[in-house]
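There are 2 protein chains.
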Amino acid sequence: MDGLTERPARNGEHGATRRRLPPAERRKQIVDEAVRFFAEVGLEGKTRELARRLGVTQSLIFNYFATKDELIDAVYEKVYIGRLSPDWPERLTDRSVPIRERLLAFYSEYSALIFEWEWMRIFMFSGLAGASLNQRYLEHLGDVILRPLLAETEVLAHTDTPPKMEDVWNLHGGIAYIGIRQHIYRMPEPVKPQDEIARAIDKYLLFFGIDKEQ
Amino acid sequence: MDGLTERPARNGEHGATRRRLPPAERRKQIVDEAVRFFAEVGLEGKTRELARRLGVTQSLIFNYFATKDELIDAVYEKVYIGRLSPDWPERLTDRSVPIRERLLAFYSEYSALIFEWEWMRIFMFSGLAGASLNQRYLEHLGDVILRPLLAETEVLAHTDTPPKMEDVWNLHGGIAYIGIRQHIYRMPEPVKPQDEIARAIDKYLLFFGIDKEQ
DNA sequence: AATTCTATTGAGCAGATGATCTTTAAAAGC
DNA sequence: GCTTTTAAAGATCATCTGCTCAATAGAATT
């Protein structure tokens, strides 16, 4: 109506208006910002607001993604891909290393990934939305991480109550909940998350009478 | 344009069109359906779709709620109010009963409440949206349930590592994660959730060397 | 410096969405 | 049975939203 609609603001970088990026670079820029943006406001965040944050026009987004769903797919891909390192199954089952050490190493690395603000929130948003990626990720996690972990526990367990898959999920859930509290419920971060993880692991091992040095 | 916009469908109840309800009753009907609806699709669910499910016109909703936010507030109120029974703090600290029994009783009742599909999802949606109700609920939970629980644990603990608030959160989180897996991530429900809760509690007590009969 | 190529903008459309207001008709009072 | 009251429907508005497309201008090539 007024001819002033959707004028892009200055680009944050260097405070100068930077136009005409190479397509691959611009595409990456859009996806990166979209990850932050959707993590903050949810997948129903509006493309005009995203464009404003990018300092470009809204129509530019549709030059790189045919539909908003396609952009969301790119966000999913960026966030989900490479999250589960393929060498963990091997390291978790390396019996030359004490189980406690293996667990500490795994959850030290893994928590650094999943306690990330963007991952945690997009994972939750996509879970609520019923995205199949979410369920597939958890199935995969169960198959390549938790099930092997159960097998390791079974080998070492000394108690008469045999370990069950649910016990591994309980260990995992108790740790994941640290991130949920922080990033979804916005509660303060524990002073030393790594210590809490270690205690959760020790609680788990003790329950099955597993010696820490084993 | 065509004069056919937004004609309400038949009301599900008795298959008959039921019109002109007493205001209090209609209001309750709207809130009840809104709870289900928003739990399913999120708080950005559209009022027209809600009206369709109710079998009424969209404008009727705004006859009972000035704005959509006001409706959402009513949903929050309905879902949050009375969730934390006021007599739990007392029962959790009743030392004439063994701690394991107290914990089992509490989490048996509490999990029945929080493992509810609607609660779990609306709690998560409102948490992601940053609703203050969410943080206030968790603060309250920490104050009246978890902190007293820590005190009880401290009294009975036999180990040299003193229990910390984070340990109680870990117990709680591991249990809450059962519901999250089921209702947010849509994974299958554990066969016997009560058994898993019992195991989580035993794990917790064992870690602090607390005798189950104590 | 002129030309070409194409990343980006500017303008706008069609349908959706929260909200308003007038009209209709179900039920209570007489 | 007629009147009054008001719950609910019907119509519509202003704005928002995903998306399209022609016009513009930045940069590489010649």
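First to last, the sequence lines map onto chains A and B. With the numbering used here as the guide, the letters of the first sequence map in order to residues -9 to 204. With the numbering used here as the guide, the letters of the second sequence map in order to residues -9 to 204. Built from N, CA and C at the ideal position, the CB exists for glycine as well.
When the Cα of residue i is compared with those of the options, which residue comes out closest?
i	options	result
A/Glu91	A/Asp192, A/Leu33 and A/Gly199	A/Asp192
A/Asp150	A/Glu108, A/Phe197 and A/Pro178	A/Phe197
B/Phe113	B/Leu44, B/Arg26, B/Leu93 and B/Arg16	B/Arg26
B/Ala119	A/Ser101, A/Lys36, A/Ala29 and A/Pro13	A/Ala29
B/Leu11	B/Ala190, B/Val46, B/Leu40 and B/Arg42	B/Val46
B/His130	B/Pro79, B/Glu60 and B/Pro183	B/Pro79
A/Gln48	A/Thr37, A/Tyr127 and A/Pro152	A/Thr37
A/Lys76	A/Asp63, A/Tyr100 and A/Ser86	The question names Lys, but residue 76 of chain A in the sequence shown is Pro. Of the listed residues, the one whose Cα sits closest to A/Pro76 is A/Tyr100.
B/Ser98	B/Lys202, B/Lys182, B/Leu195 and B/Lys154	B/Lys182
B/Leu123	B/Ile62, B/Gly35 and B/Val31	B/Ile62
B/Glu60	B/Pro13, B/Trp159 and B/Arg17	B/Arg17
A/Gln184	A/Arg126, A/Pro153, A/Gln125 and A/Leu94	A/Leu94
Using a C-beta to C-beta distance shorter than 7 Å, which residues of chain A count as neighbours of residue i?
i	result
B/Pro180	Glu156
B/Glu203	Residues of chain A passing the Cβ test: none, with the nearest at roughly 18 Å.
B/Ala166	Tyr167
How would you list, in chain order, the residues of chain B whose beta-carbon sits under 8 Å from the beta-carbon of residue i?
i	result
A/Gly117	Ile174, Tyr175 and Arg176
A/Ala128	First, the amino acid is wrong: residue 128 of chain A is Leu here, not Ala. Those are Arg171, Tyr175 and Met177, listed as they occur along chain B.
A/Asn53	Near A/Asn53 there are no residues of chain B at all, since even the closest Cβ is about 26 Å away, more than 8 Å.
A/Gly45	What A/Gly45 touches in chain B: nothing, since even the nearest Cβ is about 25 Å away.
A/Glu39	Here the premise fails: no neighbours, minimum Cβ distance about 14 Å.
A/Asp73	Rather than Asp, the amino acid found at residue 73 of chain A in this sequence is Arg. Simply none; closest approach about 15 Å.
A/Gly32	Gly32, Glu34, Leu118 and Ala119
Considering only the beta carbon of each residue, do residue i and residue j sit closer than 8 Å?
i	j	result
B/Gly163	A/Gly164	yes
B/His148	B/Ile200	yes
B/Pro178	B/Glu186	no
B/Phe105	B/Leu82	no
A/Ala44	A/Arg73	Before going on, a small fix: residue 44 of chain A reads as Leu here, not Ala. No, they are not a contact pair.
A/Tyr175	B/Leu128	yes
B/Leu146	B/Tyr194	no
B/Arg189	A/Asp157	yes
Residue i touches chain A at which residues, Cβ-Cβ below 8 Å?
i	result
B/Met114	Met114, Leu118 and Ile174
B/Ala125	The amino acid at residue 125 of chain B is misidentified as Ala; the sequence shows Gln. Within chain A, the residues near B/Gln125 are Tyr175, Arg176 and Met177.
B/Arg111	Leu118
Would you say residue i touches the ligand HEM, meaning its beta carbon is less than 7 Å from a heavy atom?
i	result
B/Arg111	This structure simply doesn't include the ligand HEM, nor any ligand for that matter.
List the residues of chain A that residue i touches, going by C-beta distances under 9 Å, in chain order.
i	result
B/Glu186	Lys154, Glu156, Asp157, Trp159 and Asn160
B/Arg189	Thr151, Lys154, Glu156, Asp157, Asn160 and Phe197
B/Lys58	Here the premise fails: no neighbours, minimum Cβ distance about 14 Å.
Please list, in chain order, the chain B residues whose beta carbon lies closer than 7 Å to that of residue i.
i	result
A/Leu196	Leu196 and Phe197
Say whether the stretch 165 to 174 of chain B touches the stretch 149 to 168 of chain A, bearing in mind that this needs 3 or more beta-carbon pairs closer than 8 Å, one atom from each stretch.
yes
Could you check whether the stretch 19 to 27 of chain A touches the stretch 60 to 77 of chain A, counting it as contact only if at least three pairs of C-beta atoms, one from each stretch, sit closer than 8 Å?
yes
Are the stretch 131 to 145 of chain A and the stretch 51 to 59 of chain A touching, with three or more C-beta to C-beta distances below 8 Å?
no
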